[in-house]
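If you read the sequence shown in the working numbering, its first letter stands for residue 1177, the second for the next number, and so on. By construction, the Cβ of each residue, glycine as well, lies at the ideal position given by its N, Cα and C atoms. To start, the structure under review is shown below, and the notes come after it.
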Amino acid sequence: MPDSEAVNLPVLVLNQSYEPLNLCRVRRAIILTVYGKAEVLENSRGEIHSARQVFQVPSVIRLAYFVKRPYHERKLTKVEVFIRDEYTCQYCGKQTRELTLDHVIPRQHGGGHIWENVVSACKGCNRRKGGRTPEEAGMKLLRAPRTPRHGGFYIPYHYLNSHSEWQKYIPE
């Protein structure tokens, strides 16, 4: 891979406590490591050559100092539910971007619009379930819905699939 492409690859940035903080580009990650503000934890992508030096292409870096982030409650939105459910229908397991929201206990039966009652569903499953509970419709949830635990940093799903070395640093 040419150096001009490598400098734009994503790098996972961890706080000093190994908590995922954000993503940056290789260029920024190298600058942080050269100035001693971060250390490279994973570098499985080759090298970049400058006029005087050769740098490993980092994949995961850890900051040398702690960045305090305020905790923010995640808002219940369509996109946040899709992210929590990893763009997967919670009834049939199909991964797609063509999803709808489904209330496990329908609102007409007293189910609230809360994290523990909303799941991602493909259009076919949502139509099949209708205004019934999963038991009434003869359908089973793959995973019980829950409030997301971590409060703010989201890694795009396609990055997780292409960067397996990030998995051990990302909470479930």
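Cβ-heavy atom distance, residue i to the ligand ATP, below 7 Å
{"i": "H1285", "result": "With respect to small molecules bound, the structure shown includes none, and the ligand ATP cannot be examined in it."}
Residue of the options minimising C-alpha distance to residue i
{"i": "Y1247", "options": "R1322, L1197 and L1188", "result": "L1197"}
{"i": "R1203", "options": "E1195, Q1192, E1223 and Y1194", "result": "E1223"}
{"i": "K1299", "options": "I1281, T1272 and G1287", "result": "T1272"}
{"i": "G1288", "options": "L1318, R1303, L1252 and R1319", "result": "L1252"}
Reduced DSSP secondary structure (H/G/I, E/B, other) of residue i
{"i": "P1196", "result": "strand"}
{"i": "Q1232", "result": "strand"}
{"i": "P1324", "result": "coil"}
{"i": "R1283", "result": "helix"}
{"i": "R1203", "result": "helix"}
{"i": "P1347", "result": "coil"}
Local Cβ density within 10 Å of residue i, reported as buried at 16 or more and exposed below that
{"i": "A1227", "result": "exposed"}
{"i": "I1237", "result": "buried"}
{"i": "H1279", "result": "buried"}
{"i": "Q1266", "result": "buried"}
{"i": "A1214", "result": "buried"}
{"i": "T1184", "result": "The question names Thr, but residue 1184 is Asn in the sequence shown. It counts as exposed."}
Same chain, Cβ closer than 8 Å to residue i, neighbours up to 5 away in sequence not counted
{"i": "A1297", "result": "C1265, Q1266, Y1267, L1275, T1276, L1277, D1278 and K1305"}
{"i": "Q1284", "result": "G1307"}
Cβ neighbours of residue i in the same chain (closer than 7 Å, five flanking residues each side left out)
{"i": "C1200", "result": "V1187 and V1189"}
{"i": "K1316", "result": "P1310"}
Practice problem: Just list the beta strand (DSSP E) runs in the stretch 1205–1281, keeping only unbroken ones of 3 residues or longer that don't cross its boundaries, in chain order. | Solution: Fully enclosed beta strand (DSSP E) runs of 3 or longer: 1214–1218, 1223–1225, 1230–1232, 1236–1239 and 1275–1279.
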